[in-house]
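**Student:** All residue numbers for the first sequence refer to our numbering, where the first residue is 597 and numbers rise by one.
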Amino acid sequence: MPGGTLEVPMIPARNLRRHLDTLVASAIERAIAAGDLPEVAIPAETVERPKDPSHGDYASTAALRLARAAMRPPLAVAEAIAKHLERDETIEAPRVAPPGFLNFRLASTYLQDQVDAVLREGATFADLDLGTGKRAQVEFVSANPTGPLHVGNGRGAAIGDTLASLLEAAGYEVEREYYVNDAGTQAEVFAETLYARYQQLFGREAEIPPEGYPGAYMIEIAEQIRAEAGDRYLRPPGEAPDPELGERGIAIMLERIRATLERFGVRYDRWYSERSLYRPDGPYEQAMALLRERGFLVEREGALWFASSELGESKDNVVVRSDGRPTYYASDIAYHFEKFTERGFDLVIDVWGADHHGHVSRLKTAVGALGIDPARLHILLYQLVTLKRGGEVVRLSKRGGDIITLDELLDEVGPDAARFFFLQRSPGAQMDFDLDLAVKQSNENPVYYVQYAHARLSSILQRAAEQGLTPEGGDVRRLDQPHELALVREMLKLPEVIESCVTTFEPHPLPQYALDLATAFHAFNDAFKQQGDPLLKVITGDEQLSRARLKLVAAARIVLARVLGLMGMSAPDRM
RNA sequence: GCGGCUGUAGCUCAGCGGACAGAGCACUGGUCUUCGGAACCAGGUGGCGGGGGUUCGAAUCCCUCCAGCCGCGCCA
């Protein structure tokens, strides 16, 4: 640190946009005070990133928005704002561009200083404080433990897990949860199917129920139980199965699901049993009591209904069937009641397959009826996945039980590529998963392009270290080449990318950003080849310059590793 | 029938009120005796499903039509 000079706290990259917004707003105020602009309301948040980098790093549309109220041409308004704009260390002089934009370019010295800032912040670079002090829960996958996870569940897993990581980066304290449907009809049918397969192993005639699970995995589970417990669950013909058999089967299925997810890089903080909602004086009883108290429960046709039509829903919905058993809807109400009250999450995110979208509004209505602000619940829907191979759609037939499992996908393309491809598309878009492209270990595959950049970064640092060269003592002011500054510019976008992902609850900008960052690095790294100038290499004869560039390399590596980490992908040092 | 999602470059998809519409793949032509070529540079490609409207400005908002998918059980 240079001594003697006044230390002004540097504007961190994560606050740049807001900082520029403030600069523009106060410039407008001063312009008004000076009589260069008439009295007008000051627009908020006018600064954005222009699509075209030649327009600068940021641009304000304030003049375009004010023109009408100010009764002046937008260009004149822009000039007036520019005239009064206070400059600081972050930007160069703003430029006015037709039809009335105010364009900002980050100052080279600011960019250079950010390299040191990244090195100082390390893995916490790009952390935000949006969620500081708040607790969030992300519940995802939550597939019925009645069969193996399929490819669609993989999409939900990638989205949910990455969203959780993004929330953590934004300062939230996050819990990842899997809701286990171990109660209800599906679990019963599963148990019946399992008992049928189990009996078959002992040579009995037994048929799986019409709506049962025909997949071969049910035979495997039955075999596993026979191997562990012999004929303990065999009952006289015609009798209902031992409830413990079903439980044991579900436990086995769940363990398989857990192993698949682990392989995919997903770890849960909690596996929440649906059945546990029904404990005495538990969430189910409490939630229903509260709804009854508030007059939202009505008995009709022998069943108990939630009077959701009074609350704007298209119809009422059954919560307790006429046979006395609660519906899944009742479970979900109780489950969410428990999330908000007993566990006190500030924010709850459910990641669901789009086939459940009809349930979204109903659940939010119920949450509201329980006195909880429905805005605290965000339900993220993702569309179905189609697999493609050789340009042909891989047909998925659920009937025959020959779905493509997530395990099979992981066998074929590996977790890193699978996650990258799942994350690339916005959740709302149906996606085609191109197996051919995902498997390719070549430049055609964006996954390797990104990871390769990380490996190259690592390799440079290592090679330098072998020559006794480290970033230590490098002077970032030596970083003045266009490719160097372009790389820094790209690095500084990460906090904004994270903020955007978190506020929209959608992680899909991450892969594109990873690609952009990798591109900026590759261009920087190969500039010397392109320009035929060996002095542009990181490791040159100029030791001080080398150290400065090693700082840039080390900082870029930190940022790229962070992005890969957020996506749940590995950041290899060699490939 | 009602409701939701989707329709953007040859393919897969971003962009969702602002500056000539972008990325990856595919395609074409170059670079470099390579700090790892799984690299770099350059190039063409569409005017955003059709129509109407709002706006200084629309792929982005509104209306309508068309197409695909999903939902509308005392299944989850």
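We put the beta carbon where it would ideally sit given N, CA and C, even for glycine. Note that this is a predicted model, so its numbers are computed, not measured.
Among all the DSSP beta bridges, which residues are the ones paired with Q733?
**Tutor:** DSSP output for Q733 lists E771, V944 as bridge partner(s).
**Student:** In whole angstroms, what is the alpha-carbon distance linking G1161 and L907?
**Tutor:** C-alpha separation (whole angstroms): 43 angstroms.
**Student:** Look at the Cβ atom of L724, then the Cβ atom of E1095, and state whether they are nearer than 8 angstroms.
**Tutor:** A contact, by the Cβ cut-off of 8 angstroms.
**Student:** In this structure, does DSSP put K994 in helix, strand or coil?
**Tutor:** With a pLDDT of only 45 at K994, under the threshold of 50, the placement of this residue in the model should not be trusted; the figure read from the coordinates follows. Correct three-state label for K994: coil.
**Student:** Using the DSSP secondary-structure output, state which residues sit across from N699 in a beta bridge.
**Tutor:** N699 pairs with A655, R691.
**Student:** Quick check on DSSP: helix, strand or coil for R831?
**Tutor:** Here R831 sits in coil by DSSP.
**Student:** Determine the closest residue to A971 out of D912, L959, N777, with distance taken between C-alpha atoms.
**Tutor:** Ranking the options by Cα distance to A971, first place goes to L959.
**Student:** List in chain order: all unbroken beta strand (DSSP E) runs of 3+ residues lying wholly within the segment 851-929.
**Tutor:** Here the runs fully enclosed are 866-869, 893-896, 899-902, 913-916.
**Student:** With DSSP as the reference, identify every bridge partner of G949, one or two as the case may be.
**Tutor:** Answer is Y978.
**Student:** Find out if the Cβ-Cβ distance for the pair T758, G1164 is shorter than 8 angstroms.
**Tutor:** In contact: T758 and G1164 (Cβ atoms closer than 8 angstroms).
**Student:** With a Cβ-Cβ cutoff of 8 angstroms, do L1090 and Y1109 count as a contact?
**Tutor:** In this structure, Y1109 lies closer than 8 angstroms to L1090 by Cβ.
**Student:** Who are the near neighbours of G997 in its chain, counting only those whose CB is closer than 6 angstroms to its CB and skipping five residues on each side?
**Tutor:** Confidence at G997 is low in this model, with a pLDDT of 44, below 50, so the placement of that residue is unreliable and no value is reported for it.
**Student:** Between which residues of its own chain and P598 is the CB-CB distance below 7 angstroms, once the five residues before and five after are set aside?
**Tutor:** In this prediction, P598 has a pLDDT of 43, which is less than 50 and means its spatial position is unreliable; what the coordinates show is noted afterwards. Result list for P598: empty, nothing under 7 angstroms.
**Student:** Helix, strand or coil for K647 per DSSP?
**Tutor:** It is coil, neither helix nor strand.
**Student:** Within the same chain, show all residues whose beta-carbon is closer than 6 angstroms to that of A1034, passing over the 5 residues directly before and after it, in chain order.
**Tutor:** So the qualifying residues of the chain are V1009, A1013, F1017.
**Student:** Can you tell me whether DSSP reads M1027 as helix, strand or coil?
**Tutor:** Three-state DSSP puts M1027 in a strand.
**Student:** Might you give, ordered along the chain, the residues of its own chain that have their beta carbon closer than 8 angstroms to the beta carbon of G718, omitting 5 neighbours on each side?
**Tutor:** Cβ neighbours of G718 beyond the five flanking positions: I1154.
**Student:** With C-beta atoms as the reference, is I638 less than 8 angstroms away from I677?
**Tutor:** No, the pair does not count as a contact, with Cβ atoms beyond the cut-off.
**Student:** Near D712, what residues of its chain come up, given a Cβ to Cβ distance below 6 angstroms and the 5 sequence neighbours on each side ignored?
**Tutor:** Closer than 6 angstroms at the Cβ level, and outside the excluded window around D712, lie V1072.
**Student:** Rounded to the nearest angstrom, what separates A783 and N740 at their Cα positions?
**Tutor:** Their backbone Cα atoms lie some 8 angstroms apart in a straight line.
**Student:** Taking the alpha helix (DSSP H) that V1046 belongs to, which residues open and close that run?
**Tutor:** From DSSP, the alpha helix (DSSP H) with V1046 extends over 1042-1062.
**Student:** Using the Cα positions of P875 and Y925, report the straight-line distance between them to the nearest angstrom.
**Tutor:** It should be noted that the sequence gives Arg, not Pro, for residue 875. Cα to Cα, R875 sits roughly 17 angstroms from Y925.
**Student:** G1064 and L1146: beta carbons closer than 8 angstroms?
**Tutor:** Taking 8 angstroms as the Cβ cut-off, G1064 and L1146 do not qualify as a contacting pair.
**Student:** Determine the closest residue to F721 out of V915, G845, P608, G940, with distance taken between C-alpha atoms.
**Tutor:** Out of V915, G845, P608, G940, P608 has the C-alpha closest to the C-alpha of F721.
**Student:** Straight-line CA distance for P1011 to V862?
**Tutor:** The straight-line gap from Cα to Cα measures roughly 10 angstroms.
**Student:** Report yes if the C-beta distance between P1067 and R1015 is below 8 angstroms; otherwise report no.
**Tutor:** No; because the gap between Cβ atoms is not below 8 angstroms, this pair is not in contact.
**Student:** Alpha carbon to alpha carbon, how far is R854 from H1104? Give it in angstroms, no decimals.
**Tutor:** Each residue's Cα considered, the two are about 25 angstroms apart.
**Student:** Can you tell me whether V1133 is helix, strand or coil according to DSSP?
**Tutor:** The sequence given here places Lys at residue 1133; Val does not occur at that position. Correct three-state label for K1133: coil.
**Student:** Among residues of its own chain, excluding the 5 on either side of R793, which ones have a beta-carbon nearer than 6 angstroms to its beta-carbon?
**Tutor:** The residues are M814, I815, A818.
**Student:** What residues match up with V636 in a beta bridge as DSSP calls it?
**Tutor:** The partner list for V636 (beta bridge, DSSP) is empty, contrary to what the question assumes.
**Student:** Taking the continuous alpha helix (DSSP H) assigned at H680, which residues delimit it?
**Tutor:** Unbroken alpha helix (DSSP H) run through H680: 670-680.
**Student:** Cβ of S957 within 8 angstroms of Cβ of E1004?
**Tutor:** No.
**Student:** Taking L745 as the reference, give the member of E764, Y774, K730 with the closest Cα.
**Tutor:** Nearest option by C-alpha distance: Y774.
**Student:** Hey, how far is the Cα of V1149 from the Cα of A1051?
**Tutor:** Whole-angstrom Cα-Cα distance: 11 angstroms.
**Student:** Any idea what DSSP makes of R800, helix, strand or coil?
**Tutor:** If DSSP states are grouped into helix, strand and coil, R800 belongs with coil.
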